[in-house]
Amino acid sequence: MSLQDTSEARKARLLALKARKEGSSGQGIIKNRNFDPESRTLKKHTANEDVEMDTVEKNVEGLAEQVIREDEEKRAEELNVFNIAPKRPNWDLKRETDKKLAKLERRTQEAIHTLIRQRLAAQKGESEDIVGAMNAQEKAQDEALSDED
Numbered sequence: 001m002s003l004q005d006t007s008e009a010r011k012a013r014l015l016a017l018k019a020r021k022e023g024s025s026g027q028g029i030i031k032n033r034n035f036d037p038e039s040r041t042l043k044k045h046t047a048n049e050d051v052e053m054d055t056v057e058k059n060v061e062g063l064a065e066q067v068i069r070e071d072e073e074k075r076a077e078e079l080n081v082f083n084i085a086p087k088r089p090n091w092d093l094k095r096e097t098d099k100k101l102a103k104l105e106r107r108t109q110e111a112i113h114t115l116i117r118q119r120l121a122a123q124k125g126e127s128e129d130i131v132g133a134m135n136a137q138e139k140a141q142d143e144a145l146s147d148e149d
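Residues in the sequence shown are numbered consecutively from 1, following the numbering used here.
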């Protein structure tokens with residue numbers, strides 16, 4: 001296409017657009033809802049018109065009274081101790097003692113092991129001290145290994 005062909009096509013499109021605009025402007029009517037073009041002032045809505053404006057004042061009209069009423073109802077309710085008390089009365093005590101109990105559990109298990117070793121050593125006739133119990137345990141392990149061979 002040459003430059004002249006493209007310019008002719010563009011002119012045709014512009015004329016069609018202009019004709020369409022002129023044709024549609026006759027259909028659209030400008031409505032002045034808030035402005036009176038004759039007196040050049042704002043229109044005042046009368047009570048007989050069906051214009052109902054949605055305003056913030058209408059949205060919050062009864063809100064203040066409702067909030068005051070709800071507040072008075074809450075204050076009127078008697079303070080119930082069961083609502084503020086925790087479900088388990090000793091939950092805070094358990095929270096504090098868990099760490100200490102973990103240490104004590106480990107020490108308890110060690111003490112139980114030493115007592116068992118001492119009893120085993122006493123049954124085999126050796127001394128009742130810890131060293132004798134450990135020696136007895138080592139002998140028992142050696143005997144178990146030799147039996148397996």
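By construction, the Cβ of each residue, glycine as well, lies at the ideal position given by its N, Cα and C atoms.
Count the other C-beta atoms from every protein chain shown that fall within 10 angstroms of the C-beta of residue i, then say buried if there are 16 or more, exposed otherwise.
{"i": "A136", "result": "buried"}
{"i": "A64", "result": "exposed"}
{"i": "A121", "result": "buried"}
Which residues in the same chain have their Cβ closer than 6 Å to the Cβ of residue i, if we skip the five residues on either side of it in sequence?
{"i": "A76", "result": "none"}
Just reading off the alpha helix (DSSP H) that residue i is part of, what are its end residues?
{"i": "R179", "result": "Examination of residue 179 is not possible in this model, given that the chain is present from 1 through 149 alone."}
{"i": "N59", "result": "V56 to N59"}
{"i": "R107", "result": "W91 to Q123"}
{"i": "E73", "result": "L63 to A76"}
Would you grab the beta carbon distance between residue i and residue j for me? Rounded to a whole angstrom, and I think it's under 8 Å.
{"i": "K44", "j": "F35", "result": "Not quite, the Cβ-Cβ distance comes to about 12 Å (not below 8 Å), so this is no contact."}
Only counting the same chain, and skipping five residues up and downstream in sequence, which positions put a Cβ closer than 8 Å to that of residue i?
{"i": "G172", "result": "Coverage of the chain is limited to positions 1 through 149, which leaves residue 172 absent and any answer about it impossible."}
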